[in-house]
Amino acid sequence: MSDMQNQQDPKALIKKVLAPIAEDMAAVDAVIRSELASDVPRMKEISEYITSAGGKRMRPALLMLICRALGYEGTLHQYLGATIELLHTATLMHDDVVDESDMRRSRWGNGAAVLVGDFLYTRSFQMMVKAGNLRVMEALSDAANRLSEGEVVQMVNAHDPSVDETRYFRVIERKTACLFEAG
6 MSDMQNQQDP KALIKKVLAP IAEDMAAVDA VIRSELASDV PRMKEISEYI TSAGGKRMRP
66 ALLMLICRAL GYEGTLHQYL GATIELLHTA TLMHDDVVDE SDMRRSRWGN GAAVLVGDFL
126 YTRSFQMMVK AGNLRVMEAL SDAANRLSEG EVVQMVNAHD PSVDETRYFR VIERKTACLF
186 EAG
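Going by the numbering used here, the first residue of the sequence shown is number 6, and it counts up by one from there.
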């Protein structure tokens, strides 16, 4: 594929941008698999589904890129990238229940989706504690709280034709931007 075609193909462009952090992203996936380990058979099944489904992993990717750009040489960023991804996935599980979507909960129903979302939330908080950095815990726990607020604000806005740009941005700041910012 020529350089001109690469520039026009979004997937090729993303792959090129993420190439410098490919090892970091593989490590993030390995941490996720490890941290989702459970002796509860249904949790193992659901965890395998979550990890095999992949996902864009944009929040961890941004964290990896920033850390590398700043010259960071350690591995804690990989662990924190996995933490952010589990927190994000927890919000998606709960969001599907609230929105009555079958995207991620279709195999197990609302009850399991809520409980798996709770498992992912609590596991991400366990990971925050293991990271041993209060600033990290503060940033991520504040983001988790803002995410929950964003869900409520979105519910209030639903089916309200008077929602303006300010109210819309209030939702996306809480549901999307705050987790990118925490990373």
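All residues carry an ideal CB built from backbone N, CA and C; glycine is no exception. Model, not experiment: these values are computed from the prediction.
The alpha helix (DSSP H) that contains residue i, what's its start and end?
i	result
H99	L81 to V103
P65	M63 to A74
D200	There is simply no residue 200 to check, as the chain begins at 6 and stops at 188 in what is shown.
G155	L139 to N162
G122	G114 to A136
S52	P46 to S57
V168	Taken as a continuous stretch (DSSP letters only), V168 belongs to no alpha helix (DSSP H), as it is neither H nor E.
Quick one: residues in its chain with C-beta nearer than 8 Å to the C-beta of residue i, no 5 flanking neighbours on either side, listed in chain order?
i	result
V176	G155, V158, Q159 and N162
Y84	V36, M132, K135 and A136
V33	R62, P65, M69, Q83, G86, A87 and E90
Just to confirm, is the Cβ distance from residue i to residue j under 8 Å?
i	j	result
I19	E90	no
A148	Y126	no
L184	H93	yes
A118	M98	yes
S129	T88	yes
G188	R62	no
M48	F124	yes
R179	L152	yes
Considering only residues of the same chain and omitting the five flanking positions on each side of residue i, which have a CB-CB separation below 7 Å?
i	result
I26	A66, M69, L70 and R73
W113	I51
R140	none
Let me confirm a value: residue i is counted as buried when at least 16 other C-beta atoms fall within 10 Å, else exposed. Which label applies?
i	result
G76	exposed
A58	exposed
E40	buried
D14	exposed
D101	buried
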